[in-house]
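Trainee: If you read the sequences in order, they're chains A and B. So the first sequence is numbered by the working numbering: it starts at 47 and just counts up by one. So the second sequence is numbered by the working numbering: it starts at 79 and just counts up by one. Each residue gets a CB set at the ideal place from its N, CA and C atoms; glycine is no exception. Values in this document were obtained by computation on a predicted structure and should not be read as measured data. Below you'll find the structure I mean.
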Amino acid sequence: MKYQQELKDSIRKALPGLDVVIAWSAGYDPLHATPHFIRREEDIDRLEIGPFSVHNLATYLPGLRGKKVGIVVKGCDSRSVIELLQENLINREEVTIFGFPCTGVVDQTKIRKALGHTGKVDFCQIASQTVVIGLGGEEHKLRLSKVLADKCFSCQYPNALISDHFVGEKISPSVQTEGDDDLEAFEKMPMDERFAFWQKEMDRCIRCYACRNACPMCVCRDHCLAESRDPHWLSQEDSVRDKWMFQLIHAYHLAGRCTECGECQRACPMDIPLLLLKKKMNKEIKELFQYEAGVDPEATPPLLSFKMEEENINEREW
Amino acid sequence: MAKVQFIKSADVKPWLAELAKEHRVFAPSYDGEALLFRPFDLEQEIILDRAATMPPKKTVFPQSEKLVDFTYSKDPENLSRVKIDARETLPEGSTVVFGSRPCDARGFTMFDRVYLSDKNTDIYYQARRKNTLFITLACRTIENTCFCNWVDSDPCDPTGSDVLAIPMNDGYLLESVSEQGEKLLNSKLLADGSSRKVEADKICQEIAGSINNTKDLSQAPAKLLAVFDNMQFWEEVSAKCLSCGACTYLCPSCYCFNITDETNGMKGKRLRSWDNCMSAQFTMEASGHNPRPTKAHRLKNRVGHKFSYYPTIHGGVISCCGCGRCIKSCPAGIDIREIVLKAIDFEPAAVEE
Chain A
47 MKYQQELKDS
57 IRKALPGLDV
67 VIAWSAGYDP
77 LHATPHFIRR
87 EEDIDRLEIG
97 PFSVHNLATY
107 LPGLRGKKVG
117 IVVKGCDSRS
127 VIELLQENLI
137 NREEVTIFGF
147 PCTGVVDQTK
157 IRKALGHTGK
167 VDFCQIASQT
177 VVIGLGGEEH
187 KLRLSKVLAD
197 KCFSCQYPNA
207 LISDHFVGEK
217 ISPSVQTEGD
227 DDLEAFEKMP
237 MDERFAFWQK
247 EMDRCIRCYA
257 CRNACPMCVC
267 RDHCLAESRD
277 PHWLSQEDSV
287 RDKWMFQLIH
297 AYHLAGRCTE
307 CGECQRACPM
317 DIPLLLLKKK
327 MNKEIKELFQ
337 YEAGVDPEAT
347 PPLLSFKMEE
357 ENINEREW
Chain B
79 MAKVQFIKSA
89 DVKPWLAELA
99 KEHRVFAPSY
109 DGEALLFRPF
119 DLEQEIILDR
129 AATMPPKKTV
139 FPQSEKLVDF
149 TYSKDPENLS
159 RVKIDARETL
169 PEGSTVVFGS
179 RPCDARGFTM
189 FDRVYLSDKN
199 TDIYYQARRK
209 NTLFITLACR
219 TIENTCFCNW
229 VDSDPCDPTG
239 SDVLAIPMND
249 GYLLESVSEQ
259 GEKLLNSKLL
269 ADGSSRKVEA
279 DKICQEIAGS
289 INNTKDLSQA
299 PAKLLAVFDN
309 MQFWEEVSAK
319 CLSCGACTYL
329 CPSCYCFNIT
339 DETNGMKGKR
349 LRSWDNCMSA
359 QFTMEASGHN
369 PRPTKAHRLK
379 NRVGHKFSYY
389 PTIHGGVISC
399 CGCGRCIKSC
409 PAGIDIREIV
419 LKAIDFEPAA
429 VEE
C-alpha cells in the first residue's frame, strides 16, 4: 500500500500521547490480515494496510472508553466512528483518527468460491487489477474486481469522512459499477419465498453471535436479550425460530444506525448473507427519512428523534 | 487383525446409501457457502478434498438437546400440592459419520475423559457416543491452519475413529480401527484391500513427511500457569478478541454446556445447549459476581484449559486436536498457536535489585 510508510510516520508522532493505536498487521497466512494493537514504538513496524484490511476497527472503540485511542479507518469504518459519536457512545476527545484513501478490500468468501478452497495458500500478490494466489503449488490469477467486497463497488466514501490525520491524496468515489443486485433480486421474490429463503439460511446458524459482536453499532454487549434469562426472550433450542427472532431484533435495532460495513456477514463462520437484511432496512429508512447513517456527526439518526408529523409516513386519514 | 478393504471413488455414494438403510449417515456437503456434515442424500455432492467448516460435533453432542420432559400437576383436593412428572428422553438409533478428519474424531476422546469417567457417566453423551461410528478420512492436504502434529497427532491418526480411510488416486483404502468399524466393511461394493496396504502406508508416510514445523508444547502447562496472574499478558493477547463463540462452537474438543428449563404453562422441557467460555455469562454467579469479568480472563481460560489444566489432570493430553478452525473462522484472526508459543517464550522482566 502506497501510503503505508506515511501512515507509520504519522502514528509514530502521535503514539506518545496515546494509550494504543488500532491498525492491521499480517494474519496467519498471506490471504489474511488481523487487527493490530500498537502500544509500543516497535509495534509500528508490523502495521500493514491494504486489500486484506477488512476488519472494521471501530467495533473496539466503545470498549476502550476512558483511554486515549488512535484508530486507523477506511472510509466505511469512519462512518461507524461518526455513528458512535452521534450516539455519545465514544468521546471525540479520546479518539485520534488516522485516515487513508481506501481502494477496496477483498471478500474472503468470494476468493474461496473462486478457488474452491483456500486452505493452503503459499503466497498472494496484488498488482493493480489482478490477484495472483499460490495455492498448493499452483498459481491462480483472479481479477481484483471479482473478489472485492460488494460494498466497495458502490462505495461513495473511500476517504475517511472524519479524521485527525489523513495520509495520501484523497480519491474520488467509485462510479457505481454494480447496484445492489442481491437486494433487487430479493425484493422481487414473493413474501413466502423470502421467508423460505431466510428459513434455509438461518438453519445453519450456530448462535455464536459473531455477527453481533463484530457489529460496531451493537452496543448492549454483555446485556444482550439473546442470552437474557429474565426476561427470557429466546429459548436455547436449536431452532430457526429462535435464531431468526434474534436476527430480526438485531436488524430493527440497527435500522437507521447501520452503516453497512458488512462485518456481521464477514464475521459469520457459516457465511449467512446477513448484510442483505441490513441493506433492506436501510433502504426503507432512506425512502422514509432521506437519511444515511454515519455521514454527518451533527445529525440525529431518525429513530433516535421524534417529529409530530413525519413527511413520508401517513399516520392519519388512511 | 484389522480388516482392510478397498473402495473405488465411484462406489462411495452407493456404499453410503447402503449404510443409510441401517444408520443415520452424515457426510460433508455444502449448505450455502458452509461445508457441513449433513444427512446423506444421494442427490447432494459430497466434498472430501477440504476440511469442513464445522466438525461433526453435533452428531454426538447436539447444539441443543432435550434431556427431560416434565409436567406439573396440581392435586385437585389440595391445590398447593404440585406433583412433577419428569421423564428422561434418551437418544436412540445409530449414526455413521463419513469423511470426518483425524482431528475431528480425536476431539471426542477429549470429551470421553470428562463425560465417561470412572466417577461420572453422562448417559445422554454415552448413548450417542457408543452408537456413532466414524469413518475418518486421512488428510492429503495440510492446511495453513493445521497443527495436529503439535498436539501428538498426525494426518493419518486413527484415534477415536472406527474406520480409517486413506485416499488413493482411484479410491480409498478402508482399515477397521474398532470392532464396530469392522462390521461396516462387509459390503459387496468393497474389495479386499490387503494388496494396496503398502501403497497406502507410503502415502501416509509422505503426508507425515510434508509437515515439518512441529513445535514442542511440553512446557505449555507449566508456562501457562506461570503467566496466570500476568493480566497485562492476557490483556494484550485478547485485545482483538470480539468475545463471540465462533472458536468454541467450531471446536471438536470444546464440551461445555448450559442447562435451561423451557416451561410453557404446566409443561416444559429441560435443554442442554452449547455454552462458550468467551461469553460474559459463562461464569456469572447468581450473586452477580463474575470471577472472569473481562475478555482477557475468558481467553486465558480457553487457552489455559486446553493447554494446561486439562493436560495436568488427564495424563498430559492436550485438549486441542489441532484442527485450526478457531484460527480460520475467528472474525478477528486470533491464532491460538501464537498465544501458546508466546506463553512458552515469555520471560518475566528482570526485577531490579
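1) Determine which residues of the region 101-130 of chain B have a Cβ less than 7 Å from any Cβ of chain A, and write them out in chain order.
2) Anything in chain B within Cβ reach of residue 254(A), meaning under 7 Å, just list it in chain order.
3) Is it the case that the Cβ atoms of residue 267(B) and residue 252(B) are separated by a distance below 8 Å?
4) Does residue 29(A) have its Cβ less than 8 Å from a Cβ in chain B?
5) Can you find at least 3 beta carbon pairs, one from the region 355-367 of chain B and one from the region 279-287 of chain A, that sit closer than 8 Å?
6) What residue range does the beta strand (DSSP E) around residue 322(B) cover?
7) Which residues in chain C have a C-beta closer than 8 Å to the C-beta of residue 166(A)? List them in chain order.
8) Since residue 246(B) and residue 281(B) are thought to touch, with beta carbons under 8 Å apart, how far apart are those beta carbons, to the nearest angstrom?
9) Return the residue from the list 175(A), 166(A) and 204(A) that minimises the CA-CA distance to residue 213(A).
10) Assuming residue 80(A) and residue 318(B) are in contact, meaning their beta carbons sit under 8 Å apart, how far apart are those beta carbons, in whole angstroms?
11) Looking at residue 339(A) and residue 125(A), is the spacing between their C-beta atoms short of 8 Å?
12) Over the uninterrupted alpha helix (DSSP H) stretch that includes residue 197(A), give me the two end residues.
13) Go to residue 316(B), then tell me how far its alpha helix (DSSP H) extends in each direction, as first and last residue.
14) Sort out for me which residues DSSP pairs residue 499(B) with in a bridge.
15) According to DSSP, residue 106(B) sits in a beta bridge with which residue or residues?
16) Could you please tell me which residues of the region 265-287 of chain A, in chain order, have their CB closer than 7 Å to any CB of chain B?
17) So residue 201(B) is in the alpha helix (DSSP H); what residue range does that whole segment cover?
18) Can you tell me whether residue 294(B) is buried or exposed, with buried defined as 16 or more other CB within 10 angstroms of its CB?
19) Go ahead and pull the three-state DSSP assignment for residue 184(A).
20) Please look up how many angstroms separate the CB atoms of residue 161(A) and residue 175(A), rounded, as I've assumed it's under 8 Å.
21) Quick one: is residue 182(A) near chain B, going by C-beta distance under 8 Å?
22) Got a sec, what are the start and stop residues for the beta strand (DSSP E) residue 296(A) sits in?
23) Helix, strand or coil for residue 111(A)? Go by DSSP, reduced to three states.
24) What three-state label does DSSP hand residue 245(B) in the structure shown?
25) Does the pairing of the region 393-403 of chain B with the region 222-230 of chain B give three or more beta-carbon distances under 8 Å?
26) Using the beta-carbon count (16 or more within 10 Å), is residue 171(A) buried or exposed?
27) Could you check whether the Cβ of residue 195(A) sits closer than 8 Å to any Cβ belonging to chain B?
28) If the criterion is Cβ atoms closer than 8 Å, does the pair residue 85(A) and residue 100(A) meet it?
29) Taking only the alpha-carbon atoms, compute the straight-line gap between residue 335(B) and residue 350(B) and give it to the nearest angstrom.
30) Report, in whole angstroms, the separation of the C-beta atoms of residue 104(B) and residue 134(B), which I expect to be a contact under 8 Å.
31) Give the residues of chain B in contact with residue 159(A), contact being defined as C-beta atoms less than 9 Å apart.
32) Taking a contact to mean a Cβ-Cβ separation below 8 Å, would you say residue 310(A) touches residue 320(A) in this structure?
33) Contact defined as beta carbons within less than 8 Å: I believe residue 324(B) pairs with residue 315(A). What is the distance between those atoms, to the nearest angstrom?
34) Check the C-beta distance from residue 167(A) over to residue 177(A) and give it rounded, since I have them as a contact under 8 Å.
35) Thinking C-beta only, is residue 216(B) closer than 8 Å to residue 183(B)?
36) Could you spell out the range, first to last residue, of the beta strand (DSSP E) harbouring residue 81(A)?
Mentor: For this structure:
1) 109, 110, 111, 112, 114, 128 and 129
2) 322, 323, 324 and 327
3) no
4) A query on residue 29(A) cannot be resolved here, the shown segment of chain A reaching from 47 to 364 and no further.
5) no
6) DSSP places residue 322(B) outside any beta strand (DSSP E), giving it a letter other than H or E.
7) Any reference to chain C falls outside this structure, whose protein chains are A and B.
8) 7 Å
9) Closest by alpha carbon: 204(A).
10) 7 Å
11) yes
12) 196-199
13) Note, residue 316(B): alpha helix (DSSP H), 309-316.
14) No information on residue 499(B) is available, as it lies outside the stretch 79 to 431 that chain B covers here.
15) 115(B)
16) 268, 273, 281, 282, 283 and 284
17) 201-208
18) exposed
19) strand
20) Not a contact, Cβ separation roughly 18 Å.
21) yes
22) Residue 296(A) -> not in any beta strand (DSSP E); alpha helix (DSSP H) instead, spanning 286-300.
23) Residue 111(A): coil per DSSP, three-state reduction.
24) strand
25) yes
26) By the neighbour-count rule (16 or more Cβ atoms within 10 Å), residue 171(A) is not buried but exposed.
27) no
28) no
29) Approximately 6 Å, taken between the alpha carbons.
30) About 6 Å; that satisfies the 8 Å criterion.
31) Result: 111.
32) In contact: residue 310(A) and residue 320(A) (Cβ atoms closer than 8 Å).
33) That belief holds up - the Cβ atoms of residue 324(B) and residue 315(A) are roughly 5 Å apart, short of 8 Å.
34) With 8 Å as the limit, residue 167(A) and residue 177(A) do not qualify as a contact, their Cβ atoms being about 11 Å apart.
35) no
36) 79-84
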